[in-house]
Amino acid sequence: MSIITHFKRKTAVLLVAGLMLLGTKTYAQSSNSALSQETMLYITLGLVFVVSILVLLVAIYVLQLLKIFIKKEMTEEQKTQPSWWAKLWAKWNAFQPMEEEEELLLDHDYDGIKELDNHLPPWWKGLFYVTIVYSVIYLLVFHVFKTAPLQDEEYELEIAAAEALKANKEADLVIDFDENTVTVTDDPAELADGQKFFEQQCSICHKADGGGLAGPNLTDKYWRNGGSITDVYKVIKNGVPNTAMISWEGQLNPLRMRNVASYVLSLQGTNPPGALPPDGELYEPEN
Ligand code: HEC
C-alpha cells in the first residue's frame, strides 16, 4: 500500500468519525434547550460509543504494527513453532495421528464403511463431567436442602412481591387534599423531591434558583396569579392559558405537585443574584 492510499484511508476514517461527532453536536444545538435528561444521556452514550470505536481502531492499528515488528525480530525456529492456540486445540481434541489410525480400525466392514474405535475428545468429556457435577449441585440445592425455590414457588413469590408493591404504591398515594385544600409540606424528603423536579423541568424557564428567565421570578412577593399555596398549586396543575406555563397535571401526581409547589414557596425571600424584577401583584401570607 503506497503512502498516499494509506493516508487517504486514514483521512476517510477520521472524516467519518468527525462527521458523526458533528452530527450529535448540531442535533444537541438545534433542538430546543429543553433537552430532557434522557436525551442528554443518549447523546453522552453516543459520544462514548464513538470515542470507544476510535480508541479501538487506534488499538488495532498499533497491534498490527507491533505484530509486524515482532515478526521481524523472530528467528526462523520461533516462527515455525505451533502457536499457543494450536497447542490448546490439539490438547483438547487429542486427535489420533492419521498415520496411527490403522490401530483403531475395528474389524467389521459394512459395504466398505469402516469404523474407528476413537475415544471421545477431551473437550466433550470435560463438558460431560461438568454436567454430572452440576446435576449433583442442582439436586442438593433444589430438592434436598431446598435453598432455592422451584419454578412454581418462584412464580408464587414473584406474584406476591408484585402485589405487595402494588398495595404499597396505592397506600402511598392516599391523597387527602385537592387544589383548594392543599397545604404546604415542610417534610425535607418531600421538599427535596420537589426541588429535584423543579431543577429538572422548571429551571429552563424559571432558572434553577427560581430567579426567572422566560417565566417570572418565583422568589419575590409579587405574583401574577397569586402567591398562596393553592394559587401556586393551581398554576402548576392547570397551567396559565395562552402562556408558556403549561399544565403539569398529566406528568405529576398530586403529591408531587404539592411537593413542587411547596418547594417554589420555600424560595420566597432567597433573593438570588440576577433575578428578574417584581412582576404582578404583591402577595403577603396571612400568618
Ligand atoms: C416553558 C417555560 C416554562 C416552564 C417549563 C415552566 N414555567 Fe412556570 N411559568 C412560565 C411563564 C411564562 C409563566 C407566566 C405565566 C403568566 O403570564 O401568568 C409561568 C408562571 C409560573 C408560576 C406563577 C408565577 C406568578 O407570578 O404567578 C408558577 C408558580 C410557575 N410558573 C411554576 C412553575 C413550575 C413549578 C414549573 C415546573 C413544573 C414551571 N413553572 C415550568 C413558564 C414556564
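Reminder that position 55 of the sequence shown reads as 55 in full-length UniProt numbering, one-by-one numbering, no gaps. We put the beta carbon where it would ideally sit given N, CA and C, even for glycine.
Under three-state DSSP, which class holds Trp223?
One-based indexing of the sequence shown puts residue 223 at position 223. Here Trp223 sits in strand by DSSP.
N-terminal and C-terminal residue of the alpha helix (DSSP H) that Leu165 is part of
Residue mapping note: residue 165 aligns to position 165 of the sequence shown, counting from 1. Residues Gln151 to Asp172.
Can you list, in chain order, the residues of its chain whose CB lies under 7 Å from that of Ala208, leaving out five sequence neighbours each side?
Taking the first residue of the sequence shown as 1, we reach residue 208 at position 208. The answer, listed in chain order, is Glu199.
For the ligand HEC, I want to know if Ile236 counts as a neighbour, meaning its beta carbon is within less than 8 Å of at least one of the ligand's heavy atoms.
Within the sequence shown, residue 236 is the residue found at index 236, counting from 1. Checking the Cβ of Ile236 against the ligand HEC gives yes.
Within 8 Å, do at least three Cβ pairs link the stretch 209-227 to the stretch 258-269?
yes
Cut-off 7 Å between Cβ atoms - residues of its own chain near Pro272, not counting five sequence neighbours on either side
In the sequence shown, counting from the first residue as 1, residue 272 sits at position 272. Only Asp209, Gly210, Gly211 and Thr219 meet the Cβ criterion.
Alpha-carbon spacing of Thr255 relative to Leu173, whole angstroms
For the purposes of this step, residue 255 is identified with residue 255 of the sequence shown, where counting begins at 1. For the purposes of this step, residue 173 is identified with residue 173 of the sequence shown, where counting begins at 1. Before going further, note that residue 255 is Leu rather than Thr in the sequence given. Counting only the Cα atoms, Leu173 lies some 7 Å from Leu255.
Identify, in the order they occur along the chain, each residue of the same chain with its Cβ nearer than 6 Å to the Cβ of Pro122, setting aside the five sequence neighbours on each side.
Reading the sequence shown from its first residue, position 122 is the one you call residue 122. Only Trp92 and Ala94 meet the Cβ criterion.
Does any heavy atom of the ligand SAH sit closer than 8 Å to the C-beta of Thr270?
The model depicted lacks the ligand SAH and carries the ligand HEC instead.
For Ala192, verify whether its CB is less than 8 Å away from any heavy atom of the ligand HEC.
One-based indexing of the sequence shown puts residue 192 at position 192. Not so, every heavy atom of the ligand HEC lies at least 8 Å from the Cβ.
Let me check understanding here. Comparing Cα to Cα, which of Ala275, Asp186, Pro277 and Gly269 lies closest to Glu284?
Translated into positions along the sequence shown, residue 284 becomes position 284. When only C-alpha atoms are compared, the closest one is Gly269.
Rounded separation between Val136 and Gln151 - CA only:
Here residue 136 corresponds to residue number 136 of the sequence shown, with the count starting at 1. Here residue 151 corresponds to residue number 151 of the sequence shown, with the count starting at 1. Distance between the alpha carbons of Val136 and Gln151 is about 18 Å.
What is the DSSP secondary structure of Tyr110, counted as helix, strand or coil?
On the sequence shown, residue 110 is found 110 positions in, with the first residue counted as 1. In the structure shown, Tyr110 sits in a strand (DSSP, three-state: E or B).
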